[in-house]
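Asks: Just so you know, the sequences run in chain order G and P. Counting from 1, one number per residue, gives the positions in the first sequence under the working numbering. Counting from 1, one number per residue, gives the positions in the second sequence under the working numbering.
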Amino acid sequence: MDWGQIFNQSASSIISTTTIAYALAALGLGVHFGQAGLLNMGVAGFMAVGAYGYAISILTFGFPWWLAAIVALLAAVVFAMILGVPTLRLRGDYLAIVTIAAAEVLRLLLLTVAFEEVTGSADGLYGYSGDFQAANPIPDGEYGFGPWQFNQNELWPIVIGIILLALAVLLVWAMMRSPWGRVLRGIREDEDAVRALGKNVFAYKMQALIIGGVIIAAGGIVYTLGSNASPGVYVTSLTFFVYTIVLLGGAATVFGPVLGAVIFWVLQFFLSNLMPALVDAGVLPFMTANQAGMVRFILVGVGLMLLVIFMPQGILGNKKEMTFVK
Amino acid sequence: MRPTTRSGVSAVWRIATMLLLALGLATLLGGGPAVAAEGDPFKIAGNVQNEGEAIEGVSITVDGPGGPQTVETGPRGQWQVSVPESAEYTVVLDVDTLPEGITLDDPEDDTPETKEVTPNVPFAPKAVNFFIGEGDRESTAFASQLVQRLVQGINFGLMLGLASVGLSLVFGTTGISNFAHGEMVTFGAVIALWLGGTAFIGASLWIALPLAVLLSGLLGLAMDAVIWRPLRHRSVGVVQLMIVSIGLSLAIRYIFQYFIGGGTEQLPGSTPQKIDIIGPIRMTKVDIVSMVIAIIVIVAFALWLTYSRLGKATRAISDNPGLASASGIDVDFVVRVVWILASALAGLAGVLYAYYRPGIKWDMGTQVLLLMFAAVTLGGLGTAFGALIGALIIGIIVETSSLFIPADLRFASALAILIIILLVRPQGILGRRERIG
Numbered sequence: 001m002d003w004g005q006i007f008n009q010s011a012s013s014i015i016s017t018t019t020i021a022y023a024l025a026a027l028g029l030g031v032h033f034g035q036a037g038l039l040n041m042g043v044a045g046f047m048a049v050g051a052y053g054y055a056i057s058i059l060t061f062g063f064p065w066w067l068a069a070i071v072a073l074l075a076a077v078v079f080a081m082i083l084g085v086p087t088l089r090l091r092g093d094y095l096a097i098v099t100i101a102a103a104e105v106l107r108l109l110l111l112t113v114a115f116e117e118v119t120g121s122a123d124g125l126y127g128y129s130g131d132f133q134a135a136n137p138i139p140d141g142e143y144g145f146g147p148w149q150f151n152q153n154e155l156w157p158i159v160i161g162i163i164l165l166a167l168a169v170l171l172v173w174a175m176m177r178s179p180w181g182r183v184l185r186g187i188r189e190d191e192d193a194v195r196a197l198g199k200n201v202f203a204y205k206m207q208a209l210i211i212g213g214v215i216i217a218a219g220g221i222v223y224t225l226g227s228n229a230s231p232g233v234y235v236t237s238l239t240f241f242v243y244t245i246v247l248l249g250g251a252a253t254v255f256g257p258v259l260g261a262v263i264f265w266v267l268q269f270f271l272s273n274l275m276p277a278l279v280d281a282g283v284l285p286f287m288t289a290n291q292a293g294m295v296r297f298i299l300v301g302v303g304l305m306l307l308v309i310f311m312p313q314g315i316l317g318n319k320k321e322m323t324f325v326k
Numbered sequence: 001m002r003p004t005t006r007s008g009v010s011a012v013w014r015i016a017t018m019l020l021l022a023l024g025l026a027t028l029l030g031g032g033p034a035v036a037a038e039g040d041p042f043k044i045a046g047n048v049q050n051e052g053e054a055i056e057g058v059s060i061t062v063d064g065p066g067g068p069q070t071v072e073t074g075p076r077g078q079w080q081v082s083v084p085e086s087a088e089y090t091v092v093l094d095v096d097t098l099p100e101g102i103t104l105d106d107p108e109d110d111t112p113e114t115k116e117v118t119p120n121v122p123f124a125p126k127a128v129n130f131f132i133g134e135g136d137r138e139s140t141a142f143a144s145q146l147v148q149r150l151v152q153g154i155n156f157g158l159m160l161g162l163a164s165v166g167l168s169l170v171f172g173t174t175g176i177s178n179f180a181h182g183e184m185v186t187f188g189a190v191i192a193l194w195l196g197g198t199a200f201i202g203a204s205l206w207i208a209l210p211l212a213v214l215l216s217g218l219l220g221l222a223m224d225a226v227i228w229r230p231l232r233h234r235s236v237g238v239v240q241l242m243i244v245s246i247g248l249s250l251a252i253r254y255i256f257q258y259f260i261g262g263g264t265e266q267l268p269g270s271t272p273q274k275i276d277i278i279g280p281i282r283m284t285k286v287d288i289v290s291m292v293i294a295i296i297v298i299v300a301f302a303l304w305l306t307y308s309r310l311g312k313a314t315r316a317i318s319d320n321p322g323l324a325s326a327s328g329i330d331v332d333f334v335v336r337v338v339w340i341l342a343s344a345l346a347g348l349a350g351v352l353y354a355y356y357r358p359g360i361k362w363d364m365g366t367q368v369l370l371l372m373f374a375a376v377t378l379g380g381l382g383t384a385f386g387a388l389i390g391a392l393i394i395g396i397i398v399e400t401s402s403l404f405i406p407a408d409l410r411f412a413s414a415l416a417i418l419i420i421i422l423l424v425r426p427q428g429i430l431g432r433r434e435r436i437g
């Protein structure tokens with residue numbers, strides 16, 4: 001067994017577009033779920049809006065990449081409003097059902113052969129990163145050290161991703177310490193009390209849904225920047241993985257979702273390298289390599305259950321603050 | 001999604017089999033039979049099939065930069081050409097070379113034999129889809145298609161109802177939106193496969209299927225004893241419970257995949273033969289048996305819920321847990337019974353669904369979970385009879401909507417209607433206003 005390679009691979013996942021994309025998605029969900037108490041089960045839908053909004057803007061409308069990214073974020077604003085208007089006045093679990101249903105409807109629309117010319121159907125969309133790579137200011141060459149080595153083409157989406165993530169973290173941090181953020185947390189703790197103070201609860205919730213949704217969509221853009229947009233990614237499991245990340249790091253914190261994303265992906269890569277290696281080495285004679293690959297997903301589910309029951313505030317959270325909305 | 005090739009039922013989509021020309025298929029299965037310019041970087045490929053039957057010897061012409069090339073489909077119906085540029089190519093299928101009685105058929109395309117395609121990734125064959133159907137398609141009148149679809153919808157709705165009733169009762173008595181309910185559906189099917197599948201234990205279906213339902217009930221008992229009851233006593237909030245059920249759903253789902261893999265397995269005894277019932281209605285024997293079982297179980301369950309002491313207690317707890325408890329109802333016991341029943345009904349629905357799809361897959365329950373939620377919400381959260389009505393409506397919408405919209409959007413139509421219903425009447429059909437607070 002090659003421990004060096006296993007650790008190398010796991011460590012390299014600390015800085016990858018996947019981790020950054022999930023961190024952005026988790027940050028956005030943190031605003032929804034952690035700060036405002038909104039049960040958004042449509043994270044996959046928001047990410048798909050970002051990813052496909054970006055890819056379709058380039059491929060179908062021929063926009064430059066930065067304009068495509070802005071269009072994708074605006075699409076997320078519209079998606080948030082469509083979801084929010086009917087449900088934000090209703091009890092929390094209605095939002096959960098509507099968002100998960102809307103995300104699924106969106107995925108089916110992306111998957112159907114009826115719109116294949118625009119969406120690429122099951123093949124997804126690819127071949128749109130030319131303009132993005134052409135804008136790459138990084139000179140050719142190898143950068144980094146140890147497990148973190150990238151060429152200029154790999155580094156460019158990572159740089160953009162980190163800039164977006166830093167901006168989003170800054171935005172969330174600034175908002176959460178503002179009066180606006182305090183009202184939002186007040187809504188999470190006791191909606192009626194805040195309403196009694198004369199605040200427009202619906203407007204606050206809608207603003208939170210839009211801001212969080214835009215951040216999640218930014219995650220979707222980063223996920224697709226350098227590669228492709230595939231409908232198989234934006235399934236409900238994606239939403240549940242992001243929930244696991246948010247709860248792991250601390251839903252009501254600013255840095256928790258980012259920390260959660262890093263831990264989640266390092267563990268995922270570690271297990272995805274370790275388990276098949278253990279099978280190869282004959283340590284787990286009752287498993288096939290395929291079954292060994294399944295173990296990490298089973299562990300995500302078990303981990304999510306244990307987290308919610310025993311550590312609902314997450315690693316960085318304060319046990320006193322995080323009371324789940326009833 | 002159920003495969004669209006499910007034993008030809010109706011409409012355009014019944015026979016319209018999609019031709020998937022995945023690169024893997026064409027290359028793995030031995031490449032195209034006639035490759036004009038082997039070295040050219042871009043590839044266009046396809047697979048000509050009708051209802052899963054490969055059609056050999058169909059002539060296909062690809063024209064564009066580099067000149068026209070004509071190939072014939074090979075023994076597995078596959079074809080592939082290499083072209084020099086990433087530009088627009090016209091792919092024409094020669095209709096005269098199709099077997100007797102088979103025509104090209106695409107309702108959204110006036111010239112179904114011609115496709116325009118631009119290969120854009122070197123060496124990754126660009127797939128071209130043709131829709132092929134039997135030429136006698138037009139002979140089925142719209143009205144009889146509608147009737148046939150309605151019956152299928154009722155069949156699907158009854159099955160969905162079996163599964164949704166439990167989901168609704170669990171929600172009513174415990175407040176849990178149980179995302180693991182889909183896995184309880186899959187569990188019944190997987191256990192039936194394990195007991196009755198010829199590759200496994202291979203017991204007679206008369207033993208395997210009832211035993212699968214029984215074991216499903218035990219799963220409910222186990223889940224209540226190990227997870228839900230302790231959490232109830234810790235008075236964990238409903239949102240936390242919901243997320244616990246999501247974790248449980250993920251864990252169980254991947255445990256299924258661990259054991260049965262990612263493919264589709266078949267239960268013994270499913271036959272594609274259809275029998276004429278009345279007028280345009282044609283069903284398989286399994287469909288009929290499944291409908292009869294679903295109706296009997298649902299009626300028995302409704303009688304139990306309405307007239308038995310335990311059933312009344314269940315409804316009392318759904319109405320007002322505190323008051324029910326104060327009146328001397330053993331809430332813990334009733335909730336345990338509800339979990340067992342919900343799980344057994346879900347398991348039965350899973351077995352029926354395995355025949356309906358047809359096939360058993362690790363995520364089959366997850367695929368209908370949202371339809372169950374839609375049914376429950378539509379009927380009114382927490383009301384058992386509402387869930388039944390909701391399920392029938394959802395089942396009929398899913399099946400009939402494929403007459404009007406592409407078949408792969410059937411589930412989307414049901415979910416879209418769920419969202420619209422929430423706009424108009426958020427408490428559902430049988431729900432009460434106060435529940436939505």
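Glycine residues also receive a C-beta, built at the ideal position from the N, C-alpha and C atoms.
For glycine 247 of chain P, would you say it is in contact with chain G, using Cβ-to-Cβ distances shorter than 7 Å as the test?
Replies: Within the second sequence, residue 247 of chain P is the residue found at index 247, counting from 1. Yes, glycine 247 of chain P counts as interfacial toward chain G.
Asks: In whole angstroms, give me the CA-to-CA distance for valine 376 of chain P and leucine 162 of chain P.
Replies: Position 376 of the second sequence, counted from the first residue, corresponds to residue 376 of chain P. Position 162 of the second sequence, counted from the first residue, corresponds to residue 162 of chain P. When rounded, the distance between both Cα atoms is 11 Å.
Asks: Within 7 Å (strictly less), CB to CB, does glycine 317 of chain G reach chain P?
Replies: Against the first sequence, residue 317 of chain G aligns to sequence position 317. Judged by the 7 Å Cβ criterion, glycine 317 of chain G is not in contact with chain P.
Asks: Quick one: measure Cβ to Cβ for leucine 248 of chain G and leucine 307 of chain G, integer angstroms, because I've assumed they're closer than 8 Å.
Replies: On the first sequence, position 248 is the one that residue 248 of chain G refers to. On the first sequence, position 307 is the one that residue 307 of chain G refers to. So it is a contact: roughly 6 Å between Cβ atoms.
Asks: Determine the burial state of aspartate 408 of chain P: buried for a count of at least 16 other Cβ atoms within 10 Å of its Cβ, exposed for fewer.
Replies: Taking the first residue of the second sequence as position 1, residue 408 of chain P is located at position 408. The residue in question, aspartate 408 of chain P, is buried, as its Cβ has 16 or more Cβ neighbours within 10 Å.
Asks: Contact defined as beta carbons within less than 8 Å: I believe leucine 111 of chain G pairs with alanine 103 of chain G. What is the distance between those atoms, to the nearest angstrom?
Replies: As a first step, residue 111 of chain G is located in the first sequence; it is residue number 111 there, counting from the start. As a first step, residue 103 of chain G is located in the first sequence; it is residue number 103 there, counting from the start. Leucine 111 of chain G to alanine 103 of chain G, Cβ: 12 Å. No contact.
Asks: Whose C-beta lies closer than 6 Å to the C-beta of phenylalanine 240 of chain G among residues of the same chain, with five residues either side of it excluded?
Replies: Walking along the first sequence from the start, residue 240 of chain G turns up at place 240. For phenylalanine 240 of chain G, where only same-chain residues beyond five positions count, there are no Cβ hits under 6 Å.
Asks: Going along the chain, which unbroken runs of the alpha helix (DSSP H) with 4 or more residues stay wholly within the segment 279 to 314 of chain G?
Replies: 289 to 310
Asks: Per DSSP, arginine 282 of chain P is paired with what?
Replies: Within the second sequence, residue 282 of chain P is the residue found at index 282, counting from 1. Paired residues: P/Asp276.
Asks: Taking 8 Å as the threshold, find out whether the segment 48 to 55 of chain G comes into contact with the segment 217 to 232 of chain G through three or more Cβ pairs.
Replies: yes
Asks: Out of G/Leu59, G/Gly92, G/Val31, point me to the one whose CA is closest to arginine 185 of chain G's CA.
Replies: Numbered from its first residue, the first sequence carries residue 185 of chain G at position 185. Checked all of G/Leu59, G/Gly92, G/Val31; the closest Cα to arginine 185 of chain G is G/Val31.
Asks: Within 7 Å (strictly less), CB to CB, does glutamine 133 of chain G reach chain P?
Replies: Mapped onto the first sequence, residue 133 of chain G falls at position 133. Judged by the 7 Å Cβ criterion, glutamine 133 of chain G is not in contact with chain P.
Asks: Drop a sphere of 10 angstroms on the beta-carbon of alanine 26 of chain G, count the other beta-carbons inside from all chains shown, and report buried for 16 or more, exposed for fewer.
Replies: Mapped onto the first sequence, residue 26 of chain G falls at position 26. The residue is buried, with at least 16 neighbouring Cβ atoms inside 10 Å.
Asks: Tell me the residue span of the alpha helix (DSSP H) that contains glutamine 149 of chain G.
Replies: Position 149 of the first sequence, counting from 1, holds the residue named residue 149 of chain G. Not the alpha helix (DSSP H): glutamine 149 of chain G falls in the beta strand (DSSP E), residues 148 to 151.
Asks: Using a Cβ-Cβ cut-off of 7 Å (strictly less than) and excluding sequence neighbours within five positions of isoleucine 417 of chain P, which residues of its own chain qualify?
Replies: The residue you call residue 417 of chain P lines up with position 417 of the second sequence. These residues qualify, in order along the chain: Ile397.
Asks: Please check if any C-beta of chain P sits within less than 7 Å of the C-beta of valine 300 of chain G.
Replies: Walking along the first sequence from the start, residue 300 of chain G turns up at place 300. Yes, contact with chain P.
Asks: Run through DSSP, which three-state label would isoleucine 360 of chain P get?
Replies: As a working mapping, residue 360 of chain P is identified with position 360 in the second sequence. In the structure shown, isoleucine 360 of chain P adopts extended strand secondary structure according to DSSP, grouped into three states.
Asks: Taking 6 Å as the cut-off, does the CB of isoleucine 56 of chain G come closer than this to any heavy atom belonging to the ligand GDP?
Replies: Of ligands this structure carries none, so the ligand GDP is not represented either.
Asks: Quick check on the DSSP output: the beta strand (DSSP E) that includes alanine 45 of chain P runs from which residue to which?
Replies: Sequence index remark: in the second sequence, residue 45 of chain P carries index 45 (1-based). Unbroken beta strand (DSSP E) run through alanine 45 of chain P: 42 to 47.
Asks: From the beta carbon of isoleucine 419 of chain P, is the nearest beta carbon of chain G less than 7 Å away?
Replies: As a position in the second sequence, residue 419 of chain P is number 419, starting the count at 1. Interface residue, yes.
Asks: Can you tell me whether alanine 36 of chain G is helix, strand or coil according to DSSP?
Replies: Numbered from 1 along the first sequence, position 36 holds the residue referred to as residue 36 of chain G. Under the three-state reduction of DSSP, alanine 36 of chain G is assigned to coil, being neither helix nor strand.
Asks: Against glycine 92 of chain G, what residues of chain P qualify as contacts under a CB-to-CB distance less than 8 Å, listed in chain order?
Replies: Within the first sequence, the letter at position 92 stands for residue 92 of chain G. For glycine 92 of chain G, the residues of chain P that pass the 8 Å Cβ criterion are Val239, in the order they occur in the chain.
Asks: Counting contacts by CB-CB distance shorter than 7 Å, is alanine 329 of chain G in contact with chain P?
Replies: The structure shown does not extend to residue 329 of chain G, since chain G spans only 1 to 326, so no value can be given for it.
Asks: Whose C-alpha, out of P/Val117, P/Thr314, P/Phe200, is nearest the C-alpha of serine 168 of chain P?
Replies: In the second sequence, residue 168 of chain P corresponds to position 168, counting from 1. The shortest C-alpha separation from serine 168 of chain P is found at P/Thr314.
Asks: Looking only at DSSP bridge pairs, what is glycine 144 of chain G linked to?
Replies: Within the first sequence, residue 144 of chain G is the residue found at index 144, counting from 1. Per DSSP, G/Gln149.
Asks: Output needed in chain order: residues of the segment 287 to 309 of chain P with a Cβ under 7 Å from some Cβ in chain G.
Replies: The segment 287 to 309 of chain P vs chain G, Cβ under 7 Å: nothing.
Asks: Which residues in the same chain have their Cβ closer than 8 Å to the Cβ of isoleucine 100 of chain G, if we skip the five residues on either side of it in sequence?
Replies: The residue you call residue 100 of chain G lines up with position 100 of the first sequence. Contacts found: Met41, Gly42, Thr236, Thr239.
Asks: Please report how far the alpha carbon of alanine 196 of chain G lies from the alpha carbon of aspartate 190 of chain G, in whole angstroms.
Replies: Working through the first sequence from its first residue, we reach residue 196 of chain G at position 196. Working through the first sequence from its first residue, we reach residue 190 of chain G at position 190. Answer to the nearest angstrom: the Cα atoms are 10 Å apart.
Asks: Identify the contact partners of glutamate 104 of chain G in chain P, using a Cβ-Cβ distance below 8 Å as the criterion.
Replies: What you label residue 104 of chain G is simply residue 104 of the first sequence in a count that begins at 1. Near glutamate 104 of chain G (Cβ distances below 8 Å), the residues of chain P are Leu370, Phe411, Ala412, Leu415.
Asks: Using a 10 Å radius around the Cβ and a threshold of 16 neighbouring Cβ atoms, would you call proline 231 of chain G buried or exposed?
Replies: As a first step, residue 231 of chain G must be located in the first sequence, where it is residue number 231. With 16 or more other Cβ atoms within 10 Å, it is buried.
Asks: Contact criterion: CB-CB distance below 7 Å. Does methionine 305 of chain G meet it with respect to chain P?
Replies: The residue you call residue 305 of chain G lines up with position 305 of the first sequence. Yes, because at least one Cβ of chain P sits closer than 7 Å to the Cβ of methionine 305 of chain G.
Asks: Closer than 7 Å by C-beta to leucine 370 of chain P: which residues in its own chain qualify, once you throw out the five before and the five after it? Chain order, please.
Replies: Translated into the one-based positions of the second sequence, residue 370 of chain P becomes position 370. Annotation for leucine 370 of chain P: Leu415 place their beta carbon closer than 7 Å to its own, counting only its chain and skipping 5 residues before and after.
Asks: Could you give the first and the last residue of the continuous beta strand (DSSP E) run that contains threonine 97 of chain P?
Replies: For the purposes of this step, residue 97 of chain P is taken as residue 97 along the second sequence, with counting starting at 1. Where threonine 97 of chain P is concerned, there is no enclosing beta strand (DSSP E), given that its DSSP letter is neither H nor E.
Asks: Mind checking whether valine 201 of chain G and isoleucine 187 of chain G have CB atoms under 7 Å apart?
Replies: Position 201 of the first sequence holds residue 201 of chain G. Position 187 of the first sequence holds residue 187 of chain G. A contact, by the Cβ cut-off of 7 Å.
Asks: With 7 Å set as the bound, which would you pick, yes or no: does the beta-carbon of methionine 275 of chain G sit closer than that to a beta-carbon of chain P?
Replies: Counting from 1 along the first sequence, the entry for residue 275 of chain G is found at position 275. Chain P, which has no Cβ nearer than 7 Å to the Cβ of methionine 275 of chain G, makes this no.
Asks: For tyrosine 234 of chain G, which three-state DSSP category applies?
Replies: Stepping through the first sequence from its first residue, residue 234 of chain G is reached at position 234. Here tyrosine 234 of chain G sits in coil by DSSP.
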